[in-house]
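> Protein chains in written order, with our numbering: chain A, 6 to 232; chain B, 832 to 1197. Questions regarding the structure given below will be posed in turn.
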C-alpha cells in the first residue's frame, strides 16, 4: 500500500472508532429513554434518532455545518470561547460519522435492553441495589452483547461514511480524507482506476470483517451471559 | 411484631387487608391465584405503590401513607424469593449469594455465608452458573441470596409453584430448617394447603383481595370458606400435638392431641417432638355407639358442636373431642339415619394411615 492509502486507512479507522466512542453514551441514554420511560415526546425522539437513516447524508452534513460551523449557532460559540474548530478536522469527521451511525447503535442497544428481564432489576432492588448500582451491576452487563454488536456494526459502517463527512469537513488529505473520500478522489483523477480498485477492496474487506466480528462477539457473549 | 395494612384499588380489583401478628414466625398468605397475594407481597417489598398503606416490622415503619412515609424498596431490607428464582445469569452461584450480602450494612451481619451455604447444601454449586442448575437448586440459591442480604423480613412468593412434586421435596425441608434455625420472620405465599400445614405459624386466608380469616393453622382449617379455596377433598381439621410414644417396630406414633391420643404412621417419629396432623374430613367416621372388631386404630369420644351444609349431598360435622375440634364429612342420608344433632355425644374413628403429619419445631410458638 502507498503512503496515501495507508493514510486514508488510518484516518478511516481513527474517525470510525472515535465516532463510536462519541455515540455510545448517548445511544445508551436514548435506548433507555425509548424503552424504559414513557415519554410524552417518545415518538418524536424515536423519529429524531432514526432521521439519519432516511435523510440524504449531504443534508446531515449541511445541518452540521449550520450548527457547528465556525459561524454556526453552537460552532461559533465553541470557536469564540474555546478556540475549538470542528470543520475541516478529523474530530469533525468523527462527529458527522457518529450522527450517521447513531441509529444503528441505538437499534442494537434497544433490542438488547428490551431483552433484559426487569424482574432481575426488581430482584436487585430487594437486595439493596439503588438505581445506578442496578444499572451498572445488572442492566449494563446484560445489555453488553447488544452494545458490542451495535458498536462493531456502527464502526464498520462509519469506516465508509461519505456524504456527511465531505459536506461538513471537506476532503483534506491527511486530515479528513478517509477511505471513501480517497476512493472518490482517485476516481476523479485520470489513471486513478487501479488505486480506486485497491481502496474499494480494502473497504469491502473491512466491512465484511466488521459484520462477522459483530455476530461472533454477540454469540459468545450471549453464551457467557447464559442466554 | 408485624403490621401490614394495605389498600389498592384498580378498575377490576380491590385489595384491602389488615394483618397484625405479634410474633411472626412464618405468616402464610393463603388463597387462590388472583386473590391479591402477589400484589400484597409486592407492596410489602416496596416494588408496588399502594393507595394507602401502613407497614411496620418490629417498630420500624416502612410505609405510612398518612405520614407520607415510604421507604424505597432498596432500603427496606426485605428479602424476596420470587416464584421464578430470578438469579442473575451473569454471576455464578457465589456471585449471586454475595450480591445482597455485599450491600447489607456491615454492622448487621447476623447471617453468615458459610452457615447459609451449609444449611442449604450449596457447597457443590458455588462455581456454577444459574443455567446449569435444576429448578429446586435455583430456588435454594435464591433463598440463600435473600437470606444473606440480612433481611428484616423474608417474602416468599410461591417459591415451590414452578417445581414438580419431587423437586418440592428438595426444597421444603430446607424451608423448615430456615424457620427453625434463623429468627427471620417470613411471609409465605401459597395456594397449596400442605405447604401451609408444614410451614406456617400464622395463616391469613385471602379471597378477592380481602382477608377472610386469620389465625393459627388449626383455627383456619376449621373455617367454612376454606373449602372453596382448597376444594372439598382437602378440607380437614389441623391439630397440634406432641408425640408421646413411638414404636419403630409397628411404625405407629402416639400423639397427644387435646385430651385424647391419636395413633398415626409417622416417619422418624421421636417422643417429645411437637407435630401437626391433619384429619381430612372425608376420612373421619362418626359412630353413635362404640363399635367393636374394626381395624381402625383411632376411636375418640366427643360431642357434636355444629352441623353445617358442605355440598349438595353432604354436611360438615364439627366434633369437640376435648381441647380440639375434628371435622367429618357425612352424607345427609346418614345424618338423618343416625339423627345427628349438635350436643349429641359421638365417637370419631379414623385410620392411622389416613393421618397426615409433620414435625413442627416452631421456635416462635404456634
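Beta carbons are placed, not taken as given, at the ideal position from N, Cα and C, and that holds for glycine. None of these values were measured; they are calculated from a predicted model.
Looking only at its own chain, which residues have a Cβ that is under 8 Å from the Cβ of residue 879 (chain B), when we skip the five neighbours before and after it?
Answer for residue 879 (chain B): 839, 870, 873, listed in chain order.
> State the Cα-Cα distance for the pair residue 1008 (chain B) and residue 227 (chain A), rounded to the nearest angstrom.
Roughly 37 Å separates the two Cα atoms.
> Consult DSSP for residue 1187 (chain B) and reduce its assignment to one of helix, strand or coil.
Three-state DSSP puts residue 1187 (chain B) in a strand.
> Does the beta carbon of residue 124 (chain A) sit closer than 9 Å to a beta carbon anywhere in chain B?
Output row for residue 124 (chain A): interface = yes.
> May I ask you to report which of helix, strand or coil DSSP gives residue 83 (chain A)?
In this structure, residue 83 (chain A) counts as helix in the three-state DSSP scheme.
> Beta-carbon separation of residue 858 (chain B) and residue 1034 (chain B) under 9 Å?
Yes, the Cβ-Cβ distance between residue 858 (chain B) and residue 1034 (chain B) is below 9 Å.
> Is residue 843 (chain B) buried or exposed, if buried means 16 or more other CB atoms sit within 10 Å of its CB?
Classification of residue 843 (chain B): exposed, given that the 10 Å Cβ count is below 16.
> Go through its chain and collect everything with a Cβ distance to residue 14 (chain A)'s Cβ below 8 Å, but skip five positions before and after it.
Correct list, in chain order: 6, 184, 207.
> Do you know how far the Cα of residue 837 (chain B) is from the Cα of residue 897 (chain B)?
Those two C-alpha atoms are separated by around 12 Å.
> Please classify residue 194 (chain A) as buried or exposed, where buried requires at least 16 other C-beta atoms within 10 Å of its C-beta.
With fewer than 16 Cβ atoms within 10 Å of its Cβ, residue 194 (chain A) is classed as exposed.
> Look at the alpha carbon of residue 101 (chain A) and the alpha carbon of residue 173 (chain A), and state the distance between them as a whole number of angstroms.
Approximately 7 Å between the Cα atoms of the pair.
> Can you give me the C-alpha to C-alpha distance between residue 38 (chain A) and residue 55 (chain A), rounded to a whole angstrom?
Approximately 14 Å between the Cα atoms of the pair.
> I'd like to know whether the C-beta of residue 62 (chain A) is nearer than 9 Å to at least one C-beta of chain B.
No, its Cβ sits nowhere closer than 9 Å to a Cβ of chain B.
> Could you check if residue 130 (chain A) is buried or exposed, using at least 16 other CB atoms within 10 Å of its CB as the buried criterion?
Residue 130 (chain A) should be labelled buried.
> Rounded to whole angstroms, what is the Cα-Cα separation between residue 69 (chain A) and residue 948 (chain B)?
Straight-line Cα distance between these residues: approximately 59 Å.
> By the DSSP assignment, the alpha helix (DSSP H) with residue 995 (chain B) in it spans what residues?
Neither: residue 995 (chain B) is in no alpha helix (DSSP H) and is coded neither H nor E.
> Give me the residue from B:905, B:1178, B:966 with the minimum Cα distance to residue 139 (chain A).
Answer by Cα proximity: B:905.
> Taking Cβ-Cβ distances shorter than 7 Å, what residues in chain B pair up with residue 143 (chain A)?
In chain order: 919.
> Work out the CA separation of residue 1001 (chain B) and residue 48 (chain A) for me, nearest whole Å.
Roughly 50 Å between the two C-alpha positions.
> Are there 16 or more other CB atoms within 10 angstroms of the CB of residue 888 (chain B), so buried, or fewer, so exposed?
By the 10 Å Cβ count, residue 888 (chain B) comes out buried.
> Taking the straight line between their C-alpha atoms, what separation do you get for residue 32 (chain A) and residue 111 (chain A)?
About 5 Å.
> Pairing CB atoms from the region 141–157 of chain A with CB atoms from the region 111–121 of chain A, are three or more of them under 8 Å?
A contact exists between the region 141–157 of chain A and the region 111–121 of chain A.
> Of all the options B:1089, B:939, B:1022, B:1096, which has the alpha carbon lying nearest to the alpha carbon of residue 1079 (chain B)?
It is B:1096.
> Who are the Cβ neighbours of residue 1065 (chain B) in its own chain at under 6 Å, not counting the five residues just before and after it?
So the list reads 1024, once near-sequence residues are dropped.
> Of all the CB atoms in chain A, is at least one closer than 9 Å to the CB of residue 943 (chain B)?
Chain A contact via Cβ: absent.
> Could you run through the region 104–137 of chain A and flag, in chain order, every residue whose CB is less than 9 Å away from some CB of chain B?
Within the region 104–137 of chain A, the residues whose Cβ lies closer than 9 Å to some Cβ of chain B are 122, 124, 125, 127, 128, 129, 130, 131, 132, 133, 134, 135, 136, listed in chain order.
> Below 9 Å between beta carbons is the criterion; list the residues of the region 884–912 of chain B that meet it against any residue of chain A, in chain order.
Cβ contacts with chain A: 903, 904, 905, 906, 907, 908, 909, 910, 911.
> Spell out whether any CB of chain A is found under 9 Å from the CB atom of residue 878 (chain B).
Yes - at least one Cβ of chain A is within 9 Å of the one on residue 878 (chain B).
> Do you know whose CA, among A:151, A:196, A:24, lies nearest residue 220 (chain A)'s CA?
Comparing Cα-Cα distances from residue 220 (chain A) to each of A:151, A:196, A:24, the minimum goes to A:151.
> What's the gap between the Cα of residue 1056 (chain B) and the Cα of residue 1154 (chain B)?
Distance between the alpha carbons of residue 1056 (chain B) and residue 1154 (chain B) is about 23 Å.
> If we count the other Cβ atoms within 10 Å of its Cβ and call it buried at 16 or more, is residue 885 (chain B) buried or exposed?
Buried, by the Cβ-count rule.
> For a cutoff of 9 Å on Cβ pairs, would you count residue 1089 (chain B) as touching chain A?
Judged by the 9 Å Cβ criterion, residue 1089 (chain B) is not in contact with chain A.
> Could you tell me the distance, in whole angstroms, from the CA atom of residue 881 (chain B) to the CA atom of residue 977 (chain B)?
Approximately 23 Å between the Cα atoms of the pair.
> According to DSSP, is residue 1197 (chain B) helix, strand or coil?
For residue 1197 (chain B), the pLDDT reaches just 37, beneath the cut-off of 50, and the residue's location in the model is therefore unreliable, leaving the point undetermined.
> Tell me whether the beta-carbon of residue 1073 (chain B) lies closer than 9 Å to the beta-carbon of residue 1106 (chain B).
Yes, Cβ-Cβ distance for residue 1073 (chain B) and residue 1106 (chain B) is below 9 Å.
> Keeping to the same chain, check which residues put their C-beta closer than 7 Å to that of residue 149 (chain A); ignore five residues upstream and five downstream.
226.
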